[in-house]
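**Q** In my numbering, the protein residues as written are 1016 to 1351.
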Ligand SMILES: Nc1ncnc2c1ncn2[C@@H]1O[C@H](COP(=O)(O)OP(=O)(O)OP(=O)(O)O)[C@@H](O)[C@H]1O
Ligand SMILES: [Mg+2]
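Given below as structure tokens:
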């Protein structure tokens, strides 16, 4: 019987520092999510070893005693934080499920990811970066300045730093929001054109070839035409947001969303599993917002929903993710 180690960061392990925003531990998992993943791994006939966070991993790394690690650790600090666990696993030659340090780094940093999308001809909202309020005016003079725009932290996930104020309609609101991102999240602000329309997220599992699952549509307040609305930290914790699967869209739109999601997955060399966030405007133009090579496996998130929609179980979905990772290691080119 193979043993699967599980690396993860628990919300309760996060020690809040002075000046931390209230959503500082938003990316970390609740113990209920960890237990759901543990049960799913065991249901596939594997023995489980709960490892925990990077500190626990480093204490035990010489004698881990596992065949493969299922990594859902978000890591600590900076744009390379998701790469911390994978880089040590790679150093110690321990096989692991999911994308490697390189892919996690270039996707967590949304600006680097967008540069890759652009170079691959993948459509993504127009953007500029603001590192300091001092150069905002110069930036505004040299870039498109069509409002509304959305202001996000350059390298956060789980909707951190996003509230209804993030959609800005004029320069005054833009300045306020850029200042908040720089001061609170200690990182550059990513300013994008705001795409009004519908939103989708697409889960993908596997490598050669990856399997693209049915498109999931975001509904807010009972509407799929989202207008000014978007997915925020506050929505995540309310019942205003719902995921619909399958999405009620035309076959053509479903096909092009899936195609663009797959291109994105391949462009950043995602492996084993991932989730792509996409918006479609009124004219039917697709925009890739981001790719998450470490998507949430929580019961409220899309993997559970898709499993039900395609008539399988969450446990089987997790089993499939482990299988494709094991297959990758058995096929001789485990690192890409
Ligand atoms: N350019 C945009 N136009 C319209 N809405 C946007 C845009 N960028 C982001 N959003 C909204 O903000 C949400 C969060 O943005 P994004 O996916 O980039 O951040 P995230 O925090 O990494 O997300 P996740 O919660 O998936 O980890 C999106 O799901 C979407 O609703
Ligand atoms: Mg997202």
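Even for Gly, the Cβ is constructed at its ideal location relative to N, Cα and C.
Where does residue 1292 sit, in a helix, a strand or coil, going by DSSP?
**A** Here the question's residue 1292 lines up with position 277 in the chain shown. Residue 1292 carries a strand assignment under DSSP once its states are collapsed to helix, strand and coil.
**Q** For residue 1102 versus residue 1079, is the C-beta distance shorter than 8 Å?
**A** Counting from one through the chain shown, the residue named residue 1102 turns up at place 87. Counting from one through the chain shown, the residue named residue 1079 turns up at place 64. With contacts defined as CB atoms closer than 8 Å, residue 1102 and residue 1079 fail to qualify as a contacting pair.
**Q** Please report the Cβ distance between residue 1036 and residue 1246, rounded to the nearest whole angstrom; I am assuming they are in contact, meaning their Cβ atoms lie under 8 Å.
**A** Position 21 of the chain shown, counting from 1, holds the residue named residue 1036. Position 231 of the chain shown, counting from 1, holds the residue named residue 1246. About 18 Å separates the two Cβ atoms, so there is no contact after all.
**Q** Which one of 1017, 1161, 1169 and 1322 has the shortest CA to CA distance from residue 1185?
**A** The residue you call residue 1185 lines up with position 170 of the chain shown. Selected option, being the one with the closest Cα: 1161.
**Q** So for residue 1077, helix, strand or coil by DSSP?
**A** Stepping through the chain shown from its first residue, residue 1077 is reached at position 62. Residue state, collapsed to three classes: helix.
**Q** Runs of 4 residues minimum, wholly inside the segment 1136-1205: which ones carry the alpha helix (DSSP H) assignment?
**A** 1151-1157 and 1186-1200
**Q** Skipping 5 residues on each side, what residues in its chain have a beta carbon closer than 7 Å to that of residue 1229?
**A** Within the chain shown, numbered from 1, the residue matching residue 1229 stands at position 214. The residues are 1260, 1261, 1321, 1324 and 1325.
**Q** At the level of alpha carbons, what is the spacing between residue 1224 and residue 1278?
**A** Within the chain shown, residue 1224 is the residue found at index 209, counting from 1. Within the chain shown, residue 1278 is the residue found at index 263, counting from 1. For residue 1224 and residue 1278, the distance between alpha carbons rounds to 12 Å.
**Q** How would you write the range of the alpha helix (DSSP H) that residue 1119 sits in, first residue to last?
**A** Against the chain shown, residue 1119 aligns to sequence position 104. Taken as a continuous stretch (DSSP letters only), the alpha helix (DSSP H) holding residue 1119 covers 1116-1123.
**Q** Can you tell me whether residue 1042 sits near ligand 2, meaning its C-beta is under 7 Å from at least one heavy atom of the ligand?
**A** Counted from its first residue, the chain shown places residue 1042 at position 27. No, the beta carbon of residue 1042 sits no closer than 7 Å to any heavy atom of ligand 2.
**Q** Does the beta-carbon of residue 1113 have 16 or more other beta-carbons within 10 angstroms, so that it is buried, or is it exposed?
**A** Against the chain shown, residue 1113 aligns to sequence position 98. Classification of residue 1113: buried, given that the 10 Å Cβ count is 16 or more.
**Q** Check whether the Cβ atoms of residue 1293 and residue 1170 lie closer than 8 Å to each other.
**A** In the chain shown, counting from the first residue as 1, residue 1293 sits at position 278. In the chain shown, counting from the first residue as 1, residue 1170 sits at position 155. For residue 1293 and residue 1170, no; Cβs fall outside 8 Å.
**Q** Count the other CB atoms, across all protein chains shown, that sit within 10 Å of the CB of residue 1238; report buried if there are 16 or more and exposed otherwise.
**A** As a first step, residue 1238 must be located in the chain shown, where it is residue number 223. Its Cβ having fewer than 16 others within 10 Å, residue 1238 is exposed.
**Q** Using the DSSP secondary-structure output, state which residues sit across from residue 1044 in a beta bridge.
**A** The sequence position of residue 1044 within the chain shown is 29, counting from 1. According to DSSP, residue 1044 bridges with 1025.
**Q** Whole angstroms is fine: what's the gap from residue 1182's alpha carbon to residue 1274's?
**A** Taking the first residue of the chain shown as 1, we reach residue 1182 at position 167. Taking the first residue of the chain shown as 1, we reach residue 1274 at position 259. Near 28 Å, if we compare the C-alpha coordinates of residue 1274 and residue 1182.
**Q** In three-state terms, what does DSSP make of residue 1217?
**A** Locating residue 1217 in the chain shown gives position 202, where the first residue counts as 1. The answer is strand: DSSP assigns residue 1217 an E or B state.
**Q** Closest to residue 1253 by CA distance: which of 1310, 1242, 1319 and 1234 is it?
**A** Working through the chain shown from its first residue, we reach residue 1253 at position 238. It is 1234 whose Cα lies nearest to the Cα of residue 1253.
**Q** Comparing the CB of residue 1292 with every heavy atom of ligand 2, is any distance shorter than 7 Å?
**A** Taking the chain shown and counting its residues from 1, the one referred to as residue 1292 is at position 277. The answer is yes for residue 1292.
**Q** Figure out for me which residue from 1042, 1075, 1071 and 1085 has the closest Cα to the Cα of residue 1062.
**A** Numbered from its first residue, the chain shown carries residue 1062 at position 47. Here the closest residue by C-alpha is 1085.
**Q** Using 10 angstroms around the beta-carbon of residue 1300, count the other beta-carbons present and answer buried if the total reaches 16, otherwise exposed.
**A** For the purposes of this step, residue 1300 is identified with residue 285 of the chain shown, where counting begins at 1. By the neighbour-count rule (16 or more Cβ atoms within 10 Å), residue 1300 is not buried but exposed.
**Q** Thinking just about the alpha-carbon of each residue, which of 1263, 1144 and 1148 is nearest to the one in residue 1208?
**A** Looking up residue 1208 in the chain shown gives position 193. When each option's Cα is compared against that of residue 1208, the closest is 1144.
**Q** Relative to ligand 1, what is the chain-ordered list of residues with a Cβ closer than 5 Å to any of its non-hydrogen atoms?
**A** 1140, 1165, 1172, 1173, 1174, 1207, 1209, 1210, 1245, 1246, 1292, 1304 and 1305
**Q** Just to check, is the beta-carbon of residue 1059 closer than 7 Å to a non-hydrogen atom of ligand 2?
**A** Against the chain shown, residue 1059 aligns to sequence position 44. Because no heavy atom of ligand 2 lies under 7 Å away, the Cβ of residue 1059 does not count as near it: no.
**Q** Helix, strand or coil: how does DSSP classify residue 1286 here?
**A** Along the chain shown, one-based indexing puts residue 1286 at 271. Residue 1286: coil per DSSP, three-state reduction.
**Q** Apart from the five residues just before and just after residue 1343, which ones in its own chain have a Cβ nearer than 6 Å to its Cβ?
**A** Here residue 1343 is taken as the residue at index 328 of the chain shown, counted from 1. Excluding residues within five positions, the ones whose Cβ falls inside 6 Å are 1222 and 1349.
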